[in-house]
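In the working numbering, the protein residues as written are 28 to 386. The beta-carbon is built from N, C-alpha and C at its ideal position, and this holds for glycine as well. Read through the structure below, which is laid out as structure tokens, and then see the notes.
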């Protein structure tokens with residue numbers, strides 16, 4: 028339960044002005060240290076991936092196979108979370124580096140980057156936690172809030188969530204296809220087919236790279252192709268599980284709020300900022316932990332300032348917390364174990380229909 032103070036129109040304008048000024052100050056301070064950081068991150072991703080793939084060529088020898096799989100998984104996590112996701116938000120467009128251009132970047136995952144830029148950057152960030160407008164609320168298969176209308180298949184949502192975690196890269200890609208709307212007749216097959224084709228081509232590209240090209244290279248080098256294949260499967264699984272864990276803690280924790288479509292009509296900038304704050308949840312940890320999450324551990328700051336380099340969120344967080352406190356707003360932050368436990372409770376509790384019509 029949240030105990031936020033309702034703000035007057037004057038307070039909302041002042042709240043927005045303070046956050047706008049914080050963003051302006053940070054933008055003005057961007058420079059070489061930020062550019063150097065993201066270039067080093069790009070280098071770290073390449074180092075992890077290629078060293079991991081090289082170690083997998085030693086076959087089933089346990090130390091090298093396990094280390095190779097872990098390094099490749101780490102490279103994929105860093106590429107998806109700290110590099111790809113943040114670059115695609117345009118956080119480094121000011122560098123004018125073609126490899127770090129938000130609208131051109133293509134990431135190492137089965138979902139086409141264009142899908143993510145629309146479904147995530149536009150829809151989710153614009154309508155965060157608005158039921159019926161933000162498709163990330165339950166991803167269409169999970170009931171996480173009492174405000175969501177109950178459906179019979181929610182009884183099995185612990186199973187759906189488990190499958191979603193194991194296959195998370197596919198889940199976030201399929202979300203963009205809007206197969207539910209096609210099934211209900213709200214969009215035509217002609218609208219879905221180009222998206223299916225684009226998705227199929229990206230899946231084929233990823234499968235060829237991970238499950239054909241490198242195992243074949245192992246055969247040509249006299250290495251064990253099956254060991255290489257298994258290492259790639261494990262690396263992708265590790266990435267899926269980690270990204271699922273971090274992302275589900277972003278907006279579905281115990282004190283995360285959801286909103287009705289009526290509540291966002293005529294929404295001011297102050298209201299928008301307030302909704303991002305109330306609908307988001309942070310994770311607490313050290314610097315390495317924040318990097319591994321792509322700084323989505325600072326989900327509140329990310330939703331307030333999605334186009335600011337994510338490495339800056341740690342320095343912004345104390346100031347955002349202080350502003351929130353002055354305006355009587357709860358700042359939702361906690362350890363990963365506590366936040367994820369509250370998500371699991373939601374999954375378990377809301378699998379069942381309401382006990383009363385009013386619930």
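8 Å contact criterion, which residue i and residue j should meet: CB distance rounded
i, j, result
"residue 230", "residue 137", "5 Å"
"residue 209", "residue 219", "5 Å"
"residue 308", "residue 280", "4 Å"
"residue 254", "residue 83", "6 Å"
"residue 300", "residue 43", "5 Å"
"residue 238", "residue 267", "Contact flag wrong, Cβ pair sits at about 15 Å."
"residue 185", "residue 362", "Not confirmed; about 23 Å, so no contact."
"residue 111", "residue 134", "4 Å"
"residue 187", "residue 169", "6 Å"
"residue 226", "residue 206", "The pair is not a contact, with the Cβ atoms about 11 Å apart (cut-off 8 Å)."
Within 8 Å, strictly: CB atoms of residue i and residue j
i, j, result
"residue 141", "residue 151", "no"
"residue 382", "residue 49", "no"
"residue 96", "residue 79", "yes"
"residue 100", "residue 265", "yes"
"residue 355", "residue 124", "no"
"residue 334", "residue 116", "yes"
"residue 348", "residue 358", "yes"
"residue 189", "residue 303", "no"
"residue 374", "residue 171", "yes"
"residue 283", "residue 306", "yes"
"residue 159", "residue 288", "yes"
"residue 261", "residue 252", "no"
"residue 157", "residue 286", "yes"
When the options are compared against residue i, the one with the closest alpha-carbon
i, options, result
"residue 108", "89, 143, 78 and 86", "143"
"residue 328", "203, 368 and 113", "113"
"residue 163", "294, 195 and 185", "195"
"residue 233", "273, 70 and 139", "139"
"residue 371", "351, 275 and 337", "275"
"residue 257", "235, 201 and 242", "242"
"residue 248", "149, 85 and 222", "85"
"residue 12", "369, 339, 346 and 353", "Because the chain here runs from 28 to 386, residue 12 falls outside it and cannot be looked at."
"residue 51", "103, 321, 336 and 278", "336"
"residue 66", "88, 105 and 47", "105"
Three-state secondary structure (DSSP) of residue i
i, result
"residue 357", "coil"
"residue 385", "Below a pLDDT of 50, predicted positions are generally treated as unreliable, and residue 385, at 46, falls in that range; no measurement from the model is reported."
"residue 370", "helix"
"residue 286", "strand"
"residue 30", "coil"
"residue 164", "coil"
"residue 230", "helix"
"residue 205", "coil"
"residue 137", "coil"
"residue 130", "coil"
"residue 362", "strand"
Enclosing beta strand (DSSP E) for residue i [first to last residue]
i, result
"residue 259", "From DSSP, residue 259 is part of no beta strand (DSSP E) but of the alpha helix (DSSP H) over 252-278."
"residue 310", "309-311"
Limits of the alpha helix (DSSP H) - the one that residue i falls within
i, result
"residue 82", "59-83"
"residue 45", "36-56"
"residue 199", "195-201"
"residue 169", "Careful: residue 169 lies outside any alpha helix (DSSP H) and carries neither H nor E."
"residue 316", "314-319"
"residue 91", "89-105"
"residue 25", "Beyond the ends of the chain as shown, which are 28 and 386, falls residue 25; an answer cannot be given."
"residue 332", "Where residue 332 is concerned, there is no enclosing alpha helix (DSSP H), given that its DSSP letter is neither H nor E."
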